[in-house]
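**Student:** One structure coming up, written as structure tokens, with questions to follow.
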Amino acid sequence: MSSPPRRASPTLVALGVLVALVAVLLLWQQPWSSGDSTSPSVDDSELDVRLRSQLTQAAAATDAASWSAAFGPDGAPVGAASWEAREALGVADVDLALVSVGAAPDREDGTRSAIVRVSWDVREDAVLGPAAESTATVAARVRPSTRSEAVEVLGFEPRGDGSASDPVPLWLSGEVAIDDTSSALVVTVAAGDGPGIPAAAALTATGAAQVSALTGSTARVAVIVPSSGESAAAILGRGSEGLGRVAGVATTVAGAGVPVVVLNPAEFERMDPRGRQIVVTHELTHAMTGGVGTAAPTWLVEGFADWVALHDDTAPLATSAGDLLAQVARSGPPEALPTDDDLAGPTSGPAYQGAWLSLVVLGREDGGDAAVREVYREVVAGTPVEQALAGVGTSVAELTAQWRDYLVYSASTVS
């Protein structure tokens with residue numbers, strides 16, 4: 204006789220129902236999947252279209268919120284900083300156009316390069332002066348968002364696709380702070396971590412006063428102080444090669460109506476206070492006296508900038524011109540004043556010292572400081588150097604001979 208079938212207990216039935224419900228929930232929510240937190244909601248095929256749409260949105264923005272929204276959720280801080288910089292620098296009528304997008308991520312953070320053409324105007328009352336409409340083609344770092352159906356725009360840099368790169372506009376380079384307390388404007392650009400140059404405002408005030416005292420110039424210029432060497436290179440349009448040992452550059456930048464000096468914090472970290480001041484005064488001399496973009500001989504332009512920067516320096520000649528004098532002691536003086544090639548590259552130190560001492564000799568032999576200033580002003584204004592030297596009673600040949608004699612004598616007296 205067979206036994207009657209057993210019925211499942213109510214407890215076992217309830218447990219089975221609970222397990223089934225948990226399985227259904229797991230299949231629905233898939234917690235093992237990273238879809239909601241890390242998977243992009245914009246795939247590669249849509250990225251180009253979506254980014255174009257966001258750039259169009261940014262170009263049409265009339266307030267900080269709509270501008271920042273066009274940078275995506277993670278890019279919003281970059282958008283907010285650039286909007287504030289736009290306002291501070293008087294930028295207007297911005298247009299952003301996508302040129303191309305990298306086919307795949309090229310960095311470990313999952314970003315890729317998107318080439319963007321930027322154009323903008325500046326207001327008449329802009330702090331860096333009125334300027335013509337400006338354009339720049341740069342690279343944006345982008346990636347699909349994992350938080351929304353957007354492309355994250357995470358920053359800008361010189362393009363690295365092998366094409367000549369424009370400098371990254373100041374207003375797209377990071378948070379901007381402006382110090383207008385001295386005759387030279389100081390614009391600090393904070394982009395990520397970096398030491399910056401804490402004493403930049405004081406160095407600028409001293410340097411501008413030195414240039415004005417010796418040359419009479421009160422020209423309006425700006426000193427750009429990035430937070431890092433990488434940021435300085437980007438503002439100057441330099442790519443991965445960076446600035447090397449260049450501590451400062453006097454130049455022009457798009458959207459600025461005045462000459463600017465861009466300082467390199469990476470190099471300033473290695474320098475003592477004296478060296479920092481010499482660099483700032485040297486570059487301000489270029490910017491304040493017409494040395495930016497001039498066709499004047501390089502030895503005169505660079506020599507004059509050091510002549511101003513070192514005019515009241517109390518360091519011995521062995522400190523200021525030791526490399527050149529050691530070279531003269533070994534091999535004799537150079538046959539001619541420094542050439543452009545002599546003044547280029549990482550071994551140009553002795554040539555710079557020689558250019559400076561040529562103007563020291565000019566002042567000693569042919570009319571003092573006034574003669575040096577007159578020759579420089581005349582040549583920068585377009586007068587041939589030989590004619591300008593004749594105006595103070597000398598010539599290139601005579602100055603060169605006096606300079607060579609001075610180098611030999613100085614080398615023999617410096618231990």
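Here this note's numbering is used: the first residue of the sequence shown is 204, the next is one more, and so on. All C-beta atoms, glycine included, are put in the ideal place defined by N, C-alpha and C. Note that this is a predicted model, so its numbers are computed, not measured.
1) By DSSP, does P429 sit in helix, in strand, or in coil?
2) When you compare only the Cα positions, how much space is there between T501 and R441?
3) Where do the ends of the beta strand (DSSP E) carrying E360 lie?
4) Buried or exposed: which applies to R326, given that a residue is buried once 16 or more other Cβ atoms fall within 10 Å of its Cβ?
5) Do you know offhand how far T550's Cα is from G506's?
6) With a threshold of 16 other CB atoms inside 10 Å of the CB of G458, please say whether the residue is buried or exposed.
7) May I ask you to list the residues that DSSP assigns as paired with I481?
8) For the beta strand (DSSP E) that V464 lies in, which residues bound it at each end?
9) The beta strand (DSSP E) with R567 in it runs from where to where?
10) Sort D369, G399, A408, G377 by Cα distance to D383 and report the nearest one.
11) Between the region 407-424 and the region 372-390, can you find at least three pairs of beta-carbon atoms closer than 8 angstroms?
12) Using C-beta distances below 6 angstroms, list every residue in its chain close to W552, excluding the 5 sequence neighbours before and after it, in chain order.
13) Identify every residue that forms a DSSP beta bridge with V304.
14) Could you give the C-beta distance for G632 and A394, rounded to a whole number, given that I count them as a contact under 8 angstroms?
15) Taking the straight line between their C-alpha atoms, what separation do you get for Q233 and D312?
16) Taking buried to mean at least 16 other C-beta atoms within 10 Å of its own C-beta, is V252 buried or exposed?
17) Assign Q196 to one of two classes, buried (16 or more other C-beta atoms within 10 Å of its C-beta) or exposed (fewer than that).
18) Could you spell out where the alpha helix (DSSP H) holding G282 opens and where it closes?
19) Buried or exposed for I438, going by 16 or more other Cβ atoms inside 10 Å?
20) Quick check on the DSSP output: the beta strand (DSSP E) that includes L331 runs from which residue to which?
21) Go through its chain and collect everything with a Cβ distance to Q530's Cβ below 6 angstroms, but skip five positions before and after it.
22) Between which two residues does the alpha helix (DSSP H) carrying A630 extend?
23) Would you tell me roughly how many angstroms separate the C-alpha atoms of I427 and V465, rounded to the nearest one?
24) Pick out whichever of G410, F359, G571 has its Cα sitting closest to the Cα of S434.
25) The beta strand (DSSP E) that contains L592, what's its start and end?
26) Using a Cβ-Cβ cutoff of less than 7 angstroms, which residues in the same chain neighbour R607 once the five nearest sequence positions on both sides are dropped?
27) Which of helix, strand or coil does DSSP assign to A393?
28) For E355, which of A317, D328, D369 has the nearest alpha-carbon?
29) Using the rule of at least 16 other Cβ atoms within 10 Å of the residue's Cβ for burial, across every protein chain shown, is P398 buried or exposed?
30) So V575 packs on L592, CB below 8 angstroms; how close in whole Å?
31) Between V617 and A521, how many whole angstroms is the CB-CB distance? I'm expecting something under 8 angstroms.
32) Whose C-alpha, out of D543, A273, T314, D296, is nearest the C-alpha of E352?
33) Consult DSSP for S269 and reduce its assignment to one of helix, strand or coil.
34) Should Q590 go down as buried or exposed, given a rule of 16 or more other Cβ atoms within 10 Å for buried?
35) List the DSSP bridge partners of E378.
36) Are the Cβ atoms of V304 and L258 separated by less than 8 angstroms?
**Tutor:** The relevant details are as follows:
1) Counting from one through the sequence shown, the residue named residue 429 turns up at place 226. Of the three classes helix, strand and coil, the one that applies to P429 here is strand, per DSSP.
2) The sequence position of residue 501 within the sequence shown is 298, counting from 1. The sequence position of residue 441 within the sequence shown is 238, counting from 1. When only Cα atoms are considered, T501 and R441 end up about 22 angstroms apart.
3) On the sequence shown, residue 360 is found 157 positions in, with the first residue counted as 1. Looking at the DSSP string, the run of the beta strand (DSSP E) that includes E360 is 354-360.
4) Taking the first residue of the sequence shown as position 1, residue 326 is located at position 123. So R326 ends up on the exposed side.
5) As a first step, residue 550 must be located in the sequence shown, where it is residue number 347. As a first step, residue 506 must be located in the sequence shown, where it is residue number 303. Going by the C-alpha atoms only, they are around 16 angstroms apart.
6) Your numbering for residue 458 matches position 255 in the sequence shown. So G458 ends up on the buried side.
7) Along the sequence shown, read from residue 1 onward, the residue named residue 481 stands at position 278. According to DSSP, which records beta bridges pairwise, I481 is partnered with nothing at all.
8) Position 261 of the sequence shown holds residue 464. That run of the beta strand (DSSP E) goes 463-466.
9) Position 364 of the sequence shown, counted from the start, is the residue given in the question as residue 567. That residue, R567, is in no beta strand (DSSP E); its alpha helix (DSSP H) goes 552-568.
10) The residue labelled residue 383 in the question sits at position 180 within the sequence shown. When each option's Cα is compared against that of D383, the closest is A408.
11) These segments touch.
12) Against the sequence shown, residue 552 aligns to sequence position 349. Reading the sequence as shown, one finds Gly at residue 552 and not Trp. Counting only Cβ-Cβ distances below 6 angstroms, and skipping sequence neighbours, we find D526.
13) Here residue 304 is taken as the residue at index 101 of the sequence shown, counted from 1. Note: V304 sits in a beta bridge opposite A317.
14) The structure shown does not extend to residue 632, since the chain spans only 204 to 618, so no value can be given for it.
15) The residue given as residue 233 occupies position 30 in the sequence shown. The residue given as residue 312 occupies position 109 in the sequence shown. At Q233, the pLDDT of 47 sits below 50, so the modelled position is not reliable; the number obtained from the coordinates is stated separately. Their Cα atoms are separated by approximately 25 angstroms.
16) As a first step, residue 252 must be located in the sequence shown, where it is residue number 49. V252 comes out exposed.
17) As shown, the chain starts at 204 and ends at 618. That puts residue 196 outside it, with no answer to give.
18) For the purposes of this step, residue 282 is taken as residue 79 along the sequence shown, with counting starting at 1. 279-292 is the extent of the alpha helix (DSSP H) around G282.
19) Looking up residue 438 in the sequence shown gives position 235. With 16 or more other Cβ atoms within 10 Å, it is buried.
20) Indexing the sequence shown from 1 puts residue 331 at position 128. Run containing L331: none; DSSP gives neither H nor E here.
21) Reading the sequence shown from its first residue, position 327 is the one you call residue 530. So the list reads P553, once near-sequence residues are dropped.
22) This structure cannot speak to residue 630, because the chain is shown only from 204 to 618.
23) Here residue 427 refers to the residue found at position 224 of the sequence shown. Here residue 465 refers to the residue found at position 262 of the sequence shown. If you take the alpha carbons of I427 and V465, they lie about 5 angstroms apart.
24) To locate residue 434, count along the sequence shown from 1; it is residue 231. The shortest Cα separation from S434 among G410, F359, G571 belongs to F359.
25) One-based indexing of the sequence shown puts residue 592 at position 389. Unbroken run through L592 is the alpha helix (DSSP H), 588-593; no beta strand (DSSP E).
26) Here residue 607 is taken as the residue at index 404 of the sequence shown, counted from 1. The beta carbon of R607 sits closer than 7 angstroms to those of P536, all from its chain and outside the five residues before and after it, given in chain order.
27) In the sequence shown, residue 393 corresponds to position 190, counting from 1. A393: strand per DSSP, three-state reduction.
28) Start at 1 with the first residue of the sequence shown, and residue 355 comes out as number 152. Residue A317 is the option with its Cα nearest to E355.
29) Taking the sequence shown and counting its residues from 1, the one referred to as residue 398 is at position 195. Exposed is the call here.
30) Within the sequence shown, residue 575 is the residue found at index 372, counting from 1. Within the sequence shown, residue 592 is the residue found at index 389, counting from 1. Actually they do not touch by this definition, with Cβ atoms about 11 angstroms apart.
31) On the sequence shown, residue 617 is found 414 positions in, with the first residue counted as 1. On the sequence shown, residue 521 is found 318 positions in, with the first residue counted as 1. That belief holds up - the Cβ atoms of V617 and A521 are roughly 5 angstroms apart, short of 8 angstroms.
32) Taking the first residue of the sequence shown as 1, we reach residue 352 at position 149. Measuring from the Cα of E352, the nearest candidate turns out to be A273.
33) For the purposes of this step, residue 269 is taken as the residue at position 66 of the sequence shown. In this structure, S269 counts as helix in the three-state DSSP scheme.
34) Looking up residue 590 in the sequence shown gives position 387. Counting Cβ neighbours within 10 Å, Q590 comes out exposed, since fewer than 16 surround it.
35) On the sequence shown, residue 378 is found 175 positions in, with the first residue counted as 1. Beta-bridge pairing links E378 to A393.
36) Taking the sequence shown and counting its residues from 1, one reaches residue 304 at position 101. Taking the sequence shown and counting its residues from 1, one reaches residue 258 at position 55. Taking 8 angstroms as the Cβ cut-off, V304 and L258 do not qualify as a contacting pair.
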